[in-house]
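Chemist: Residues in the sequence shown are numbered consecutively from 38, following my numbering.
Where a beta carbon is used, it is the ideal one built from N, C-alpha and C, also for glycine.
Shown below is the structure under consideration.
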Amino acid sequence: MISNQAPQGQVPAAVRAGAGGAAPPAGGGIGSRISGMNVSVLREVALLPVLVLLIVVGTVVSPAFFTVSNFAGIGQQSSALGVVVVGESLILLIGGMDLSLESTFGLAPMVAAWLIVPVAAYGAGTDLSPYLGILVLLAVGAVVGLVNGLLIVKGRLNGFIVTLGMTIVLAGLQNGIVKAQSLFNLPPAFGYLGAASIGQVPVSLIVAVVIFILTGLFLRYHRAGRAIYAVGGNQAAARAAGIKVERVKIGVYVVGSMLAAIGGLMEAGRVSAVTGQQGYGEGIIFSVFAAAVIGGVSLKGGRGNMVGAASGVILLGIVSDILDLAQVSNYWIEAIDGAVILFALFLARVVGGESTAEEG
Numbered sequence: 038m039i040s041n042q043a044p045q046g047q048v049p050a051a052v053r054a055g056a057g058g059a060a061p062p063a064g065g066g067i068g069s070r071i072s073g074m075n076v077s078v079l080r081e082v083a084l085l086p087v088l089v090l091l092i093v094v095g096t097v098v099s100p101a102f103f104t105v106s107n108f109a110g111i112g113q114q115s116s117a118l119g120v121v122v123v124g125e126s127l128i129l130l131i132g133g134m135d136l137s138l139e140s141t142f143g144l145a146p147m148v149a150a151w152l153i154v155p156v157a158a159y160g161a162g163t164d165l166s167p168y169l170g171i172l173v174l175l176a177v178g179a180v181v182g183l184v185n186g187l188l189i190v191k192g193r194l195n196g197f198i199v200t201l202g203m204t205i206v207l208a209g210l211q212n213g214i215v216k217a218q219s220l221f222n223l224p225p226a227f228g229y230l231g232a233a234s235i236g237q238v239p240v241s242l243i244v245a246v247v248i249f250i251l252t253g254l255f256l257r258y259h260r261a262g263r264a265i266y267a268v269g270g271n272q273a274a275a276r277a278a279g280i281k282v283e284r285v286k287i288g289v290y291v292v293g294s295m296l297a298a299i300g301g302l303m304e305a306g307r308v309s310a311v312t313g314q315q316g317y318g319e320g321i322i323f324s325v326f327a328a329a330v331i332g333g334v335s336l337k338g339g340r341g342n343m344v345g346a347a348s349g350v351i352l353l354g355i356v357s358d359i360l361d362l363a364q365v366s367n368y369w370i371e372a373i374d375g376a377v378i379l380f381a382l383f384l385a386r387v388v389g390g391e392s393t394a395e396e397g
């Protein structure tokens, strides 16, 4: 993705800055480097006070909250969302956005399950191997991401409108191919990722943690990861440094959609079914954006990291769990969710100071 022939002097500061996505202050001295490191650390821990406060509240609300089984449940319920948040965060880092991830989250496992289950269970009758079905699921995610990327990058169409239209198209396909029926009796191999546990630790949680860690390391240490920050921070400077901007952006859209497909596979395994409501019908994109943004990923591109994104996912998972344990009426849950998100965003801004502020 990055030309090896670009002179070192032309590499933009955003590329050299690493996973923080922000260039070090001019001067390049030791003090500047320490300052840059402090800002990066501050961004990563900005949500920590909010999480501590929520854990205290949860412990007060119910004695069942602070238990291994409850935290394992939070992890299992949040893992699928977390994987989608990784995908959306990568797209946000290049200065884009993808609303269609929520529909890919539903369509990819629906197509795979449709090819796997028998006709009696509303399948296509192909009786595909569940392992091949997983490959189909990944292929669906890759194709959707590629189409989005080509339309936005090569076609120069508005990313918001393209992915909004794609969201509706995919949701229609998700219901259309099975006539709005839910697919049950999924093979154990297909549902393993979302249903299995090692001891009390859900496999989906382990996989989600690994994805967050690997993505974070990739962004911080790999030249292609640093190129993502450069593209989101300043496309002109990135292009001048020899970075293949269009290739990077299309690649990120493909990877983002494939991660959404994996998240959909996790969710299908967790509930042992693929329903017509999975993804688009549930409106998960709002939670995806909320987790990313309160975790410090900028909607303007070039800033954010996986520690912050993971913190946002954990926060939403804990809030949902506390509301369930407190038996809050469904009529009030959405209002409380929104209020907590706004409060968390404000508190993270106060803790993080200027390092977490959006530019005017």
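#1: Assign residue 111 to buried or exposed, taking buried as 16 or more other Cβ atoms, counted over all protein chains shown, within 10 Å of its Cβ.
#2: Indicate whether residue 116 and residue 242 have their beta-carbon atoms separated by less than 8 Å.
#3: Along the chain, which unbroken stretches of the alpha helix (DSSP H) at least 4 residues long are found entirely within the region 80-110?
#4: Mind listing, in chain order, the continuous alpha helix (DSSP H) runs of no fewer than 4 residues lying wholly within the region 287-341?
#5: Between residue 371 and the rest of its own chain, which residues show a CB-CB distance below 7 Å, the 5 nearest in sequence each way excluded?
#6: When you compare only the Cα positions, how much space is there between residue 63 and residue 274?
#7: Does the Cβ-Cβ distance between residue 129 and residue 335 come in under 8 Å?
#8: Can you give, in chain order, each stretch of the alpha helix (DSSP H) that sits fully within the region 232-270 and has at least 4 residues?
#9: Which two residues bound the contiguous alpha helix (DSSP H) that contains residue 159?
#10: Name the two residues that bound the continuous alpha helix (DSSP H) containing residue 197.
#11: Give the straight-line distance between the Cα atoms of residue 103 and residue 92, rounded to the nearest whole angstrom.
#12: Quick one: Cα of residue 15 to Cα of residue 349, how far?
#13: For residue 83, which of 342, 98, 269, 261 has the nearest alpha-carbon?
#14: For residue 220, which residues does DSSP report across the bridge?
#15: Can you tell me whether residue 126 is buried or exposed, with buried defined as 16 or more other CB within 10 angstroms of its CB?
#16: On the criterion of 16 or more Cβ atoms from any shown chain inside 10 Å, does residue 340 qualify as buried, or is it exposed?
Modeler: Judging by the given coordinates:
#1: buried
#2: yes
#3: 85-98
#4: 321-331
#5: none
#6: At residue 63, the pLDDT of 41 sits below 50, so the modelled position is not reliable; the number obtained from the coordinates is stated separately. Cα to Cα, residue 63 sits roughly 16 Å from residue 274.
#7: yes
#8: 240-258, 260-270
#9: It is not in any alpha helix (DSSP H) - residue 159 carries neither H nor E in the DSSP assignment.
#10: 196-213
#11: 8 Å
#12: The shown model of the chain, from 38 to 397, leaves out residue 15, and the question about it has no answer.
#13: 342
#14: 311
#15: buried
#16: buried
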